[in-house]
Amino acid sequence: MNGFQNLLTGICAAALLMACAQAPMKPTLGDELVVVLPGAGGKIGGVVVRRNDTEQVLDTPFAASRIASEGKPESVSLTPEQVHNIFSATVAALPGRPATFMLYFLEGKDELTQASNAELANVLDEIKRRPEPDLLVTGHADNVGSDGFNDKLSLARAERMRDLLKSRGIAPERIQVAGRGNRELLVNTGKGVAEERNRRVEISVR
Amino acid sequence: MGRNWVLAVCAVCFATTATSSEVGHIKVAKGAAVIQRGIDKIPAVAGMKIFAADVISTGADGAVGVTFLDNSLISTGPNSVFAIDQYIFDSTTHVGKFEGTLKKGTLAAISGKMVTQVPESMRIRTPSSIMGVRGTEFLVKVDEVPALLGR
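Quick mapping for you: the protein sequence lines, in order, are chains A and B.
All letters in the first sequence, in the order written, are residues 11 to 216 by the numbering used here.
All letters in the second sequence, in the order written, are residues -17 to 133 by the numbering used here.
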C-alpha cells in the first residue's frame, strides 16, 4: 500500500512538472491607472471603466481609477502635479488640437459670402503654422429643399472649398471632403426656412 | 489540404489590403518609434498615414501623436504598445467605431466627432479593462508585468 501511495505521489509530481513545463503560470496583470482630465471646452462626458462585473464612471476633473493586478478598480485621488509627473512625456506628444473655421455661402449656391472670402486668409495662415497639416472640409446646408438635395449641395460646397484651397497652393491629398446635408443645423429651424448661418462649410485644420 | 490553407490565408491578405485606407496621420514622432503594419515595421515619422490595424510601439525615448479622421487625438508615451483594433468613421453621418488596445505604457486621448454623435463609440482596452469614452480627455497607464520566473 505504501508503495502504491509512493507511486501515486510520483505520478502527481510528474504531472505537476509537466503542467509547469507546458503551460506557464497564468500571467499576472500589471497595475493600471485611468485619469480623466479637465476638457479644453470645460465639458466632461467621462469615461466608463468596465472590468468583469464592475463599472466605474469617471466624469470629474482628475477623477482616477487604479486597477491593481488583482482585485477591483479603486478610486484614487491624484493631484495635477502627480498626474503631470506620470504622464508629461505622453501629453507632450499629443498633436495640436484641430482649429475650426466656419465659412458661409450665398443662398442655394456654392459661392462664399464676402466676409468668408476674407476668413479664408486665416485658414491659410493656420495651415502654414502646422508642421504636417491635413484638413477635413465639411459642407452643411440649411433646411430648404429635400434631404437628398441638401446632401448633394453640402458636398458640392465642400468640394468647391477644396478647389479654392487647391488654387491657393494646398495639396489636394491633404484635404478630405464631406457633406453633412442638414443633419447639423447651427441654428435650429423648421423645414423650408432659409437661414444664412446654416449654409456653411466647417474646416478643421489639424 | 496544405495548399487550400495557403490560398485561404492569401485571400484574407488581399481582402485586408483592398479595404484599407488611411484613418489618421502621425503629427508628432519622437525618439525610437515604429509602426507595425502586418509583418512590416516602419519607423514613425510626422506626416505618415495611419491605417486600421496598425500597432504603435515606442522605445525608452519614444513618443507618437496621431490625429484621426474624426478629430480624435491620441498619443503614446515611452515604452508603450498601442494597437488600433478597429477604426471606422462616416464623415456624413458621423457614426463610427474606434477600438484600441493599450498593451503597455501610457496613452493620452481626446475624443472626437464620433463620440459626440454616439457616446462610447470609442473604446480603449487594457489587459484588464475596457473603457467606454463618453466625451473627454483622459490618460491611461498599463504597467509592464514583472518578468516571470526563469526569464
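We put the CB at the ideal spot given by N, CA and C, even for glycine.
is_contact[residue i, chain A] using C-beta, thresh 8 angstroms
i	result
A28/B	yes
K23/B	no
A45/B	yes
E126/B	yes
K9/B	yes
E119/B	yes
V48/B	yes
G144/B	Because chain B here runs from -17 to 133, residue 144/B falls outside it and cannot be looked at.
K79/B	no
G(-16)/B	For G(-16)/B, the predicted structure reports a pLDDT of 48, less than 50, and the residue's modelled location is therefore unreliable. The matter cannot be settled from this model.
R107/B	no
I32/B	no
Status (buried if at least 16 other CB within 10 Å, exposed otherwise) for residue i
i	result
A125/A	exposed
L116/A	exposed
S214/A	buried
P182/A	exposed
D52/B	buried
R207/A	exposed
M30/B	buried
P105/A	buried
P108/A	buried
S111/B	buried
K95/B	buried
D120/A	buried
T108/B	buried
P90/A	exposed
D173/A	exposed
R105/B	buried
E126/B	exposed
A45/B	buried
R216/A	buried
S156/A	exposed
H94/A	exposed
E84/A	exposed
D144/A	buried
Cβ-Cβ separation, residue j to residue i (assumed contact under 8 angstroms), whole Å
i	j	result
G59/B	A74/A	With 8 angstroms as the limit, G59/B and A74/A do not qualify as a contact, their Cβ atoms being about 17 angstroms apart.
F33/B	S54/B	F33/B to S54/B, Cβ: 15 angstroms. No contact.
G47/B	V77/B	With a Cβ gap of about 25 angstroms, G47/B and V77/B do not count as contacting.
Limits of the beta strand (DSSP E) - the one that residue i falls within
i	result
P25/B	D22 to P25
K79/B	G78 to I92
A28/B	Counting along the chain, A28/B falls outside any beta strand (DSSP E), and DSSP gives it neither H nor E.
E4/B	E4 to K12
K123/B	E119 to V124
T110/A	A109 to Y114
I70/B	V63 to F71
I77/A	A73 to I77
Beta-carbon proximity check, residue i vs residue j, cutoff 8 angstroms
i	j	result
E142/A	A35/B	no
A14/B	D43/B	yes
V58/A	E65/A	yes
N160/A	G191/A	yes
V63/B	T88/B	no
V211/A	A168/A	yes
S39/B	Q68/B	no
L47/A	E4/B	no
V147/A	V187/A	yes
R116/B	V97/B	yes
A91/B	I56/B	yes
A103/A	K12/B	yes
V124/B	G158/A	no
H7/B	T49/B	yes
F111/A	L88/A	no
R209/A	D152/A	yes
Residue range of the alpha helix (DSSP H) that includes residue i
i	result
K1/A	This structure cannot speak to residue 1/A, because chain A is shown only from 11 to 216.
S98/A	P90 to A102
V7/A	Nothing can be reported for residue 7/A: it is not among the residues displayed for chain A, which extend from 11 to 216.
L134/A	Q124 to R139
V37/B	Element bounds for V37/B: not the alpha helix (DSSP H) but the beta strand (DSSP E), V37 to T40.
V127/B	Unbroken run through V127/B: none, as it is neither H nor E.
V97/B	K95 to Q99
Closer than 8 angstroms to chain B by CB, residue i
i	result
K36/A	The pLDDT assigned to K36/A is 49, lower than 50, so where the model puts this residue is not dependable; a value taken from the coordinates is nonetheless given after this. False, the Cβ-Cβ gap to chain B never drops below 8 angstroms.
Q92/A	no
E142/A	yes
S214/A	yes
Q32/A	Caution applies to Q32/A, whose pLDDT of 47 falls short of 50 and renders its modelled position unreliable; the model cannot decide the point.
T148/A	yes
R108/A	Per the sequence presented here, residue 108/A reads as Pro, with Arg not at that position. By this cut-off, P108/A is an interface position.
T100/A	yes
D120/A	no
V58/A	yes
E42/A	yes
F72/A	no
V45/A	yes
A29/A	Its pLDDT being 45, under 50, A29/A is placed unreliably by the model, and the measurement read from it follows with that caveat. No, no contact with chain B.
Residue i at chain C interface by Cβ criterion, 8 angstroms
i	result
R167/A	Checking the listed chains, one finds no chain C in this structure; the protein chains it contains are A and B.
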